[in-house]
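What follows is a short report on a single structure.
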Amino acid sequence: MGAPGCGKGTQSLLLVDAMGISSISTGEILREAARKSSPEGLRLRRIMASGGLVDDNTVCDAVISRVRAMELASRSLILDGFPRTVTQAKKLSRVLEALGIDPPLVLHLDVPNEILVQRLSWRRQCAACGAIYSVASGPLTRCESDGGPLIERADDNEEVILKRLEAYEAETLPVLDYYRRRRDGNYRRIDGCLTTAEIANDVRGIVLFDGTPVAA
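What follows is the structure, given as structure tokens:
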């Protein structure tokens with residue numbers, strides 16, 4: 056979990072490679088739905104372009120249907136950017152309990168807002184595979200993996216970024232408080248200002264024990 060631009064998508068992909076388990080990205084699910092020409096797709100495009108949060112029912116139904124459809128043989132799964140509200144967190148707990156899956160291990164990538172705004176304004180995404188790049192160190196136009204064009208997402212201009220951060224603070228910060236108060240003690244804060252490699256090392260140190268997933 057963490058604010059837009061904290062690096063949770065990048066760290067999720069690294070963890071997928073390290074652990075060989077599945078990941079569900081709320082943002083990617085919603086962006087995929089928003090690309091459709093249906094009334095629902097148009098509605099989602101308007102919400103996301105303005106920096107707003109998609110309603111709880113839409114997000115929960117999309118994510119939980121994916122969770123139910125996946126074969127969780129290892130009982131392990133990465134949820135990238137979900138839950139975003141306390142309502143979603145409570146519904147997730149009920150679903151996981153019904154499926155016989157342990158309560159979530161919550162990894163909070165904590166980054167100050169001024170750094171987030173800078174990161175997001177520099178962010179580019181491959182239009183083909185979705186890989187994330189930064190143009191902070193110089194201009195990039197093509198993905199290093201598949202050569203796809205790098206684009207600036209519609210929600211990465213400064214005005215929308217600030218609205219997204221406001222929405223995050225109003226809706227999602229209470230979720231972190233919710234998990235901090237839980238008795239299972241599964242909340243962990245990680246310094247999101249470190250390098251990608253340093254954060255990945257911290258994440259692996261929390262998630263893995265002697266090379267074995269904690270939640271497996």
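Quick note on our numbering: the sequence shown kicks off at 56 and runs consecutively.
Glycine included, every Cβ here is placed at the ideal spot set by N, Cα and C.
Shown here, V161 sits in a strand according to DSSP, grouped into three states. A104 places its beta carbon less than 8 Å from that of A209.
Under the 8 Å Cβ criterion, the segment 87 to 102 does not count as touching the segment 71 to 79, having fewer than three qualifying pairs.
In this structure, DSSP gives L205 an extended state, which the three-state scheme calls strand.
With distances taken between CA atoms, A144 lies nearest to Y234 out of L195, Y234, P194, I254. Within 10 angstroms of the beta-carbon of T251 lie fewer than 16 other beta-carbons, which makes it exposed.
Put simply, of G57, P59, Q66 the residue whose alpha carbon is nearest the alpha carbon of V262 is Q66.
A residue is called buried once 16 or more other Cβ atoms fall within 10 Å of its Cβ, and P59 is buried on that count.
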